[in-house]
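Peer 1: Sharing a structure with you now.
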Amino acid sequence: MSGARRLVAVCAGLGLPSSTRLLADRLAESTARQLEWAASATDVEITVVELRQLAVDISKHLVTGFPPPALRAALDTVTGADGLIVVTPVFNASYSGLFKSFFDLVERGALAGKPVLAAATGGTARHSLALEYAVRPLFTHLRAQVTPTAVFAAPEDWGSAGGAGPSAGLASRVVRAAGELAHLVMGTPPLRPEEPEEPEVVPFEEQLAALRPDRG
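Going by our numbering, the sequence shown opens with residue 279, and the numbers climb by one from there.
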């Protein structure tokens, strides 16, 4: 296989900026690097679909049965991806309503065989089980190929204003899951593992601030 690979990250974070978007970016960047190591992957295109920007359109589609243009484009982007990264905040021990509503609108069978990496963020590590009893079953039902490793990030994984940056544990999970997704996208034996970099000593507040649109 040759040519560009289309990598799409679906982010259901509600804040601006959000740790959900931060995790989506980390996973997309790591997957892209590992895909580029494969000789036949000459280019990787990363697209992020922010569901918060489509919330009104999603509601309209659920009521009318007709997607507005922006939502139609987002759905086409997701179904046309070579690899999909899906990241949701955990609310009430499950994925967010916005996240579920979006994937309820994906045409039946459109994600069959699609490589998917599932990830989530939450206020406590106790919510990490939602990936296994809620998010993974959803994409298994949609007949996607879900990576063995799912990634959950709690606040302590990002560090704090007075502490270190992303933990080594989170960095390792990101690398492992991204490698699994790259493997599924390429349909080849597992790629050379990417060595996780030493966590940068960057306060979590600064990591989020870097995502603000007014920062360019």
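Glycine included, C-beta positions come from ideal geometry on N, C-alpha and C.
At what residue ranges does the region 348–377 contain a whole run of the beta strand (DSSP E), taking only runs of 3 or more?
Peer 2: Counting only runs of 3 or more, we get 361–369.
Peer 1: Using the C-alpha atoms, what's the distance from Val365 back to Leu459?
Peer 2: So the two alpha carbons sit approximately 14 angstroms from each other.
Peer 1: Looking at C-alpha atoms only, which residue of Phe430, Glu434, Gly465 is the closest neighbour of Leu305?
Peer 2: Nearest of Phe430, Glu434, Gly465 to Leu305, Cα basis: Phe430.
Peer 1: In the DSSP assignment, the alpha helix (DSSP H) including Thr427 goes from what residue to what residue?
Peer 2: Segment: none, Thr427 is in no alpha helix (DSSP H) and carries neither H nor E.
Peer 1: Just the Cα atoms here: how many angstroms apart are Leu313 and Leu462?
Peer 2: Between Leu313 and Leu462, the C-alpha separation is close to 10 angstroms.
Peer 1: Can you list, in chain order, the residues of its chain with a C-beta nearer than 8 angstroms to that of Pro393? Leave out the 5 residues immediately preceding and following it.
Peer 2: For Pro393, where only same-chain residues beyond five positions count, the Cβ hits under 8 angstroms are Asp360, Gly361, Leu362, Ala422, Gln423, Thr425, Leu459, Leu462, Val463.
Peer 1: Taking Cβ positions, are Ala310 and Val322 nearer each other than 8 angstroms?
Peer 2: Cβ distance < 8 angstroms, so Ala310 and Val322 count as in contact.
Peer 1: Would you call the region 289–307 and the region 386–400 touching, i.e. three or more CB-CB distances under 8 angstroms?
Peer 2: A contact exists between the region 289–307 and the region 386–400.
Peer 1: Provide the residue(s) that pair with Ala397 in DSSP beta bridges, ordered along the chain.
Peer 2: DSSP, once it has assigned bridges, lists Val365, Val429 as partnering Ala397.
Peer 1: Could you tell me if Val413 is buried or exposed, where buried requires 16 or more neighbouring beta carbons within 10 angstroms of its beta carbon?
Peer 2: When all chains shown are included, Val413 counts as buried.
Peer 1: Go to Arg386, then tell me how far its alpha helix (DSSP H) extends in each direction, as first and last residue.
Peer 2: From DSSP, Arg386 is part of no alpha helix (DSSP H); its letter is neither H nor E.
Peer 1: Considering only DSSP beta bridges, list what Leu305 is partnered with.
Peer 2: In DSSP, Leu305 forms no bridge with anything.
Peer 1: DSSP state of Arg299, grouped into three classes?
Peer 2: Arg299 falls in the helix class under three-state DSSP.
Peer 1: Restricting to Cα atoms, I'd like to know which of Ala428, Leu420, Leu332 is closest to Gly375.
Peer 2: With distances taken between Cα atoms, Gly375 lies closest to Leu332.
Peer 1: Which residues in the same chain have their Cβ closer than 8 angstroms to the Cβ of Ile336, if we skip the five residues on either side of it in sequence?
Peer 2: Cβ neighbours of Ile336 beyond the five flanking positions: Leu329, Leu349, Leu376, Ser379, Phe380, Leu383.
Peer 1: Under the three-state reduction of DSSP, which class applies to Ala455: helix, strand or coil?
Peer 2: DSSP places Ala455 in helix when its eight states are reduced to three.
Peer 1: Just how far apart, CA to CA, sit Arg451 and Ala388?
Peer 2: If you take the alpha carbons of Arg451 and Ala388, they lie about 28 angstroms apart.
Peer 1: Below 6 angstroms CB to CB, which residues in the same chain sit around Ala290 once its five sequence neighbours on both sides are set aside?
Peer 2: Counting only Cβ-Cβ distances below 6 angstroms, and skipping sequence neighbours, we find Leu329, Thr366, Ser374, Leu376, Phe377.
Peer 1: Leaving aside the five residues before and after Val368 along the sequence, list all residues of the same chain whose C-beta is less than 6 angstroms from its C-beta, in chain order.
Peer 2: The answer, listed in chain order, is Ala398, Gly400, His405, Ala408.
Peer 1: With distances taken between CB atoms, is the gap from Leu353 to Ile324 smaller than 8 angstroms?
Peer 2: No, they are not a contact pair.
Peer 1: Quick one: give me the first and last residue of the alpha helix (DSSP H) that Ala333 is part of.
Peer 2: Run containing Ala333: 333–342, per the alpha helix (DSSP H) assignment.
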